[in-house]
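Using our numbering, read the sequence shown as starting at 494 and increasing by one per residue. We put the CB at the ideal spot given by N, CA and C, even for glycine. The model shown is predicted, which means the values in this text are computed figures rather than measured ones. One structure is given below, encoded as structure tokens.
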Amino acid sequence: ESRQAMGFCLLNNVPVAAAVLHARHEISRLLVLDWDVHHGNGIQHMFESDRSVLYISLHRYGNGFYPGTGAPSEVGKGDGSGFNVNLAWTRAGFGDAEYLAAFDRIVMPICREYSPEFVLISAGFDAAEGDPLGGMRVSPAGYAHMTAQLMTLAGGKLLVALEGGYNLQSISLSAAAVMRVLLRESPPPLPPLAVDPRALPDLAACMEAHARYWTCMRLSSALGPHLPAVLASRHAADAMDDLSWLRRKVRNAEETCGPVRRNGYRRGRQNRVWWRTYSIFH
Numbered sequence: 494e495s496r497q498a499m500g501f502c503l504l505n506n507v508p509v510a511a512a513v514l515h516a517r518h519e520i521s522r523l524l525v526l527d528w529d530v531h532h533g534n535g536i537q538h539m540f541e542s543d544r545s546v547l548y549i550s551l552h553r554y555g556n557g558f559y560p561g562t563g564a565p566s567e568v569g570k571g572d573g574s575g576f577n578v579n580l581a582w583t584r585a586g587f588g589d590a591e592y593l594a595a596f597d598r599i600v601m602p603i604c605r606e607y608s609p610e611f612v613l614i615s616a617g618f619d620a621a622e623g624d625p626l627g628g629m630r631v632s633p634a635g636y637a638h639m640t641a642q643l644m645t646l647a648g649g650k651l652l653v654a655l656e657g658g659y660n661l662q663s664i665s666l667s668a669a670a671v672m673r674v675l676l677r678e679s680p681p682p683l684p685p686l687a688v689d690p691r692a693l694p695d696l697a698a699c700m701e702a703h704a705r706y707w708t709c710m711r712l713s714s715a716l717g718p719h720l721p722a723v724l725a726s727r728h729a730a731d732a733m734d735d736l737s738w739l740r741r742k743v744r745n746a747e748e749t750c751g752p753v754r755r756n757g758y759r760r761g762r763q764n765r766v767w768w769r770t771y772s773i774f775h
């Protein structure tokens, strides 16, 4: 924080780098992606009113987990509203399947819509499998795949800043996997992954919080309470390109849970995602 050090941090290196990129290199759209298992409360407060920095954090939240900030509803303030994205995991034990689902359904769609000019990764490895504090299960291969996706942004202009982590083996294996991707090696293959159903409400809460700010998230507003059921079956990105499948899912959800909220979204005809959402319900 601006007035005190918290956790094990004295200086917040990534925001310092962001400030330098703004001042010396005239970078007007920066992405800060924070996969440290603890919420970056300092980074959030520095940039929560600044739309020139998109801050996305994937972290544990609630049940007394430190620092206690980073709810999905914390979306930014003023001109920065919508540019603070918190994917808040409400329980321990999530790993590659859940993190890559978050990338597929939230992180990368928002990033592509934002189109950053430079990417900064706050690379704490305390969500890695084996970390005694994080309680998560992200593998080195999982970190490699997340890095590979982020390298598709900003023409590959990306900086990875090593941060937290409390198991030396987990840190070294994960950091080495990220470095190999930075050196243009392909990420290693992953086994078949199944998302834990308990993670779906966390994904849905983030999508719903940002439906008013990002076109790619507005499908969540249309599906309302049925969004977790949709997420459980197939990637939302795929759903956008398969209207017949999505119509069936909505119809099934209506039969199970009652009618889906029909918002209309007439003003979105110029936009592919808005128009397709509109088409489903009319």
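Reduced DSSP category for residue i - H, G, I as helix; E, B as strand; rest coil
i, result
"residue 596", "helix"
"residue 636", "helix"
"residue 646", "coil"
"residue 573", "helix"
"residue 524", "strand"
"residue 630", "strand"
"residue 772", "Caution applies to residue 772, whose pLDDT of 37 falls short of 50 and renders its modelled position unreliable; the value that the coordinates give is listed next. Three-state DSSP puts residue 772 in a helix."
"residue 516", "helix"
"residue 696", "helix"
"residue 581", "strand"
"residue 687", "coil"
"residue 511", "helix"
Same chain only: Cβ atoms within 6 Å of residue i, ignoring 5 sequence neighbours per side
i, result
"residue 582", "553 and 695"
"residue 627", "530, 619 and 620"
"residue 664", "618 and 658"
"residue 520", "514, 610 and 611"
"residue 636", "667, 670 and 671"
Chain-order list of residues whose beta-carbon lies under 7 Å from that of residue i (same chain, five-residue window excluded)
i, result
"residue 575", "568, 569, 703, 706 and 707"
"residue 544", "572, 573 and 576"
"residue 606", "707, 708 and 709"
Cβ distance (whole Å) where residue i is taken to contact residue j below 8 Å
i, j, result
"residue 526", "residue 643", "6 Å"
"residue 615", "residue 654", "6 Å"
N- and C-terminal bounds of the beta strand (DSSP E) containing residue i
i, result
"residue 653", "651-655"
"residue 532", "Counting along the chain, residue 532 falls outside any beta strand (DSSP E), and DSSP gives it neither H nor E."
"residue 553", "546-553"
"residue 613", "611-616"
Residue range of the alpha helix (DSSP H) that includes residue i
i, result
"residue 664", "661-675"
"residue 568", "Note, residue 568: premise wrong, no alpha helix (DSSP H); not H, not E."
"residue 559", "Premise fails: residue 559 is in no alpha helix (DSSP H) and is neither H nor E."
"residue 605", "601-607"
Residue i classed as buried or exposed, judged by whether at least 16 other C-beta atoms fall within 10 angstroms
i, result
"residue 563", "buried"
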